[in-house]
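Numbering (my numbering), first residue to last: 1 to 387. Each residue gets a CB set at the ideal place from its N, CA and C atoms; glycine is no exception.
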Amino acid sequence: MNFDLTPEQDQLRDAVRALGRRYGHSYFVEKAKSGGHTTELWEEAGRLGYLGVNVPTEYGGGGGGLTELAIVCEELAAAGCPLLLLVVSPAIAATVIHRHGTDEQRKRFLPGFADGSLKVVFAITEPDAGSNFHRLGTVARRDGDDWLLSGRKCYISGVDEAQYVLVVARTEDAATGKLKPALFLVPTDAAGLTWSKLDMEIVSPENQFLLYLDDVRLPADALVGGSLDAGLPALFAGLNPERITVAAMGVGTGRYAIERATEYTATRKVWGGRSIGAHQGVAHPLAHAAVQVELARLMIHKAATLYDAGRDLEAGVCGNMAKYAAGEAAALAVDTAVQALGGAGMTTEYGVATLLGAVRAGRIAPVSREMILNFVAQHVLGQEKSY
1 MNFDLTPEQD QLRDAVRALG RRYGHSYFVE KAKSGGHTTE LWEEAGRLGY
51 LGVNVPTEYG GGGGGLTELA IVCEELAAAG CPLLLLVVSP AIAATVIHRH
101 GTDEQRKRFL PGFADGSLKV VFAITEPDAG SNFHRLGTVA RRDGDDWLLS
151 GRKCYISGVD EAQYVLVVAR TEDAATGKLK PALFLVPTDA AGLTWSKLDM
201 EIVSPENQFL LYLDDVRLPA DALVGGSLDA GLPALFAGLN PERITVAAMG
251 VGTGRYAIER ATEYTATRKV WGGRSIGAHQ GVAHPLAHAA VQVELARLMI
301 HKAATLYDAG RDLEAGVCGN MAKYAAGEAA ALAVDTAVQA LGGAGMTTEY
351 GVATLLGAVR AGRIAPVSRE MILNFVAQHV LGQEKSY
């Protein structure tokens with residue numbers, strides 16, 4: 001076993017860390033509270049090649065894998081800039097198109113992912129079905145050579161910043177009459193596609209939306225892979241990258257919170273000449289949180305390594321475990337940091353309470369901790385399916 005990054009991965013980590021710290025958490029919060037977006041950071045990261053590290057070199061990318069993209073997600077979050085669109089665009093959408101798109105779709109879309117000029121968001125969740133694709137109500141039906149999409153989606157991130165939405169719908173199999181999943185690339189300016197913003201108690205420059213598809217007409221080449229048989233493999237292709245990069249973002253956020261808290265507690269003196277960090281009641285919770293973050297980080301590394309080696313089933317198990325561990329660790333780290341800072345922890349100035357909503361959401365989305373425990377119980381422990 002080798003726990004060391006390659007020299008190139010180390011250089012990537014250092015470079016992304018430096019970029020993130022030039023912007024910092026105050027930039028992230030200012031954009032979020034003003035209703036803006038982190039456009040400047042995104043565009044600079046794109047120009048430097050960080051958004052396309054997992055895109056093949058033939059399409060202008062870095063030729064790396066999920067390990068490299070997880071590094072980018074983690075280090076920007078560790079600088080106080082956790083960018084959710086890194087998950088939905090480079091991790092999910094770019095992976096789906098790279099692995100299951102047609103040659104024309106790869107040539108058309110992957111260069112934009114590589115330089116950050118293209119943002120494609122992901123739409124699977126629905127009001128009545130959650131992310132259970134067996135119950136999705138969004139349906140695609142043929143109309144001549146075209147497709148017509150109708151349905152609703154919810155909690156869709158960043159639609160207002162994207163050029164396309166990768167929509168998971170269901171189509172009728174002509175041979176069996178059964179509905180099967182299919183993925184479509186829908187332009188955000190398509191006729192019949194509308195959305196409304198959801199008000200969320202999360203400090204984030206990336207917004208959440210309800211989507212409405214009312215007979216959205218699409219050409220045949222909007223179908224990912226060009227065949228209905230590509231639908232299920234394409235859908236699952238995006239799940240491991242999603243979980244692993246969400247986990248990396250969570251670990252980065254946890255690192256950021258612990259760093260802010262330890263800087264404060266090492267210098268804060270209110271009881272004589274010793275810092276408050278010298279007291280075990282303060283130091284032990286921070287140390288415990290640091291342990292949990294590092295354990296989650298190791299599982300992310302394992303999951304990404306397995307994924308990049310093409311061991312998808314094993315990566316799926318480890319990716320779910322990494323997402324669970326990182327969600328718990330990030331929430332613990334931020335809450336512990338707030339407690340260690342006392343009243344200062346609740347201020348915007350100190351920059352930790354601003355992350356409470358995001359890390360709490362990380363225990364719910366993109367898959368809840370309870371569903372991950374169901375997965376582990378069934379697929380690792382061999383228990384009967386409970387739902």
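In DSSP terms, what residue i is bridged to
| i | result |
| --- | --- |
| L179 | E172 |
| P285 | In DSSP, P285 forms no bridge with anything. |
| D146 | D143 |
| W42 | None, per the DSSP bridge assignment. |
| S157 | Q208 |
| K197 | F209 |
| V120 | Y164 |
| L185 | L166 |
| R274 | W271 |
| G151 | L213 |
Three-state class that DSSP yields for residue i in the structure shown
| i | result |
| --- | --- |
| Q383 | coil |
| G49 | coil |
| G130 | strand |
| P56 | coil |
| C81 | coil |
| Q163 | coil |
| L218 | strand |
| K269 | coil |
| V352 | coil |
| P366 | coil |
| V88 | helix |
| L232 | helix |
| L5 | coil |
| L389 | Absent from the structure is residue 389, since the part of the chain shown begins at 1 and ends at 387. |
| L223 | strand |
| H37 | coil |
| R311 | coil |
| H279 | coil |
| T253 | helix |
| L110 | helix |
| L136 | coil |
Near the ligand NAD: residue i beta-carbon under 7 Å from a heavy atom
| i | result |
| --- | --- |
| G343 | Within the structure as shown, the ligand NAD is missing, as the structure has no ligands at all. |
Residue of the options minimising C-alpha distance to residue i
| i | options | result |
| --- | --- | --- |
| A309 | L41, T38, T57 and T67 | T67 |
| T336 | Q378, A230 and A257 | A257 |
| V388 | A93, A315 and R369 | Nothing can be reported for residue 388, as the shown portion of the chain is limited to 1 through 387. |
| A303 | S386, Q292, L198 and N320 | N320 |
| V380 | V359, L356, T354 and L313 | L313 |
| Q9 | P56, G20 and E75 | E75 |
| A266 | C81, A340 and K323 | A340 |
| C154 | D146, N132, R142 and C73 | N132 |
| L85 | P56, A123 and G65 | A123 |
| K107 | G130, V55 and A129 | V55 |
| T171 | A140, Y27 and D189 | A140 |
| K197 | V203, F209 and D189 | F209 |
| L110 | S386, V29 and L51 | L51 |
| E126 | S150, T6 and Y264 | S150 |
Distance between beta carbons of residue j and residue i, contact taken as under 8 Å
| i | j | result |
| --- | --- | --- |
| A70 | I300 | 6 Å |
| V159 | V165 | 6 Å |
| N224 | A234 | In the sequence as displayed, the identity of residue 224 is Val instead of Asn. At roughly 5 Å, the Cβ-Cβ gap stays under 8 Å, so V224 and A234 are in contact. |
| V293 | G254 | 4 Å |
| A32 | P205 | 4 Å |
| A91 | K119 | Not confirmed; about 12 Å, so no contact. |
| R217 | L136 | Their Cβ separation, rounded to whole angstroms, is 20 Å, which puts R217 and L136 out of contact at 8 Å. |
| V96 | A237 | 5 Å |
| G250 | A329 | 7 Å |
| G351 | R260 | 6 Å |
**OP:** Please determine if the stretch 182–201 and the stretch 211–227 are in contact, where contact requires at least 3 C-beta pairs separated by less than 8 Å.
**Re:** The stretch 182–201 is in contact with the stretch 211–227.
**OP:** Check whether the stretch 271–287 touches the stretch 359–374, taking contact to mean three or more Cβ pairs, one atom from each stretch, closer than 8 Å.
**Re:** Two segments are said to touch when three or more pairs of C-beta atoms, one from each, lie closer than 8 Å; by this definition the stretch 271–287 does not touch the stretch 359–374.
Original post:
Can at least three beta-carbon pairs, one atom from the stretch 106–122 and one from the stretch 47–66, be found at a separation below 8 Å?
Top reply: With a cut-off of 8 Å, the stretch 47–66 and the stretch 106–122 count as touching, because enough Cβ pairs lie within range.
Original post:
Is it a yes or a no for the stretch 341–349 touching the stretch 374–381, going by three-plus beta-carbon pairs under 8 Å?
Top reply: Contact annotation: the stretch 341–349 does not touch the stretch 374–381, with fewer than three C-beta pairs closer than 8 Å.
**OP:** Examine the Cβ distances between the stretch 43–56 and the stretch 10–22 and report whether three or more of them are shorter than 8 Å.
**Re:** Result yes; three or more Cβ-Cβ pairs closer than 8 Å.
Original post:
Contact between the stretch 94–111 and the stretch 227–239: three or more CB pairs below 8 Å?
Top reply: The stretch 94–111 vs the stretch 227–239: in contact.
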